[in-house]
Amino acid sequence: MPSLAISAKGMSVQQGFLETIASNIANAETTRMPDGGPYKRQVATSQIGANGELNTTVTEDAAPGRMVYEPSHPDADENGFVEYPNVEVQSELVDLMVVRRLYEANATVFQAAKMMLKSALEI
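Taking full-length UniProt numbering, the leading residue of the sequence shown gets 1, the next gets one more, and so forth.
Below, the structure written as structure tokens:
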């Protein structure tokens with residue numbers, strides 16, 4: 001696979017990770033989803049398939065959310081506890097920085113490969 005295509009695919013994968021992280025951060029305080037429960041953290045993973053293609057999947061994190069005593073909250077249970085999402089914003093921000101650096105690295109490789117192709121065409 002040419003270097004431009006590899007870098008472009010890498011940037012595409014990182015964009016998917018960024019969107020997943022953004023969704024997690026945006027819903028870090030969402031206590032009620034359409035299905036009735038709190039938002040569940042989304043986890044994006046990538047792997048190379050049998051045909052050599054890179055496959056990205058998004059799954060729900062099964063970890064329980066944090067329970068906070070808020071008896072006046074509309075989503076409080078009979079004991080006054082509210083289940084908040086299992087999202088730790090600090091961890092998401094760390095993941096965001098890592099993914100951003102990976103995206104930048106792929107963009108740098110893409111630009112370098114593009115410049116090499118331009119140079120080769122001038123020869």
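Even glycine gets a Cβ: it sits at the ideal position worked out from N, Cα and C.
Note that the coordinates shown come from a computational prediction; the quantities given were computed from them, not determined experimentally.
Taking the CA atoms as reference points, residue 71 sits about 55 Å from residue 111.
Distance check between residue 25 and each of 90, 15, 10 places 90 closest, using alpha-carbon atoms only. Membership of residue 67 in any alpha helix (DSSP H) is not indicated; the residue belongs instead to the beta strand (DSSP E) covering 67-69.
Residue state for residue 50 is assigned as coil, using DSSP reduced to three classes. Judged by DSSP in its simplified three-state form, residue 44 adopts strand.
If you draw a straight line from the Cα of residue 115 to the Cα of residue 15, it is about 23 Å long.
By the beta-carbon neighbour count (other beta carbons within 10 angstroms, threshold 16), residue 44 is buried.
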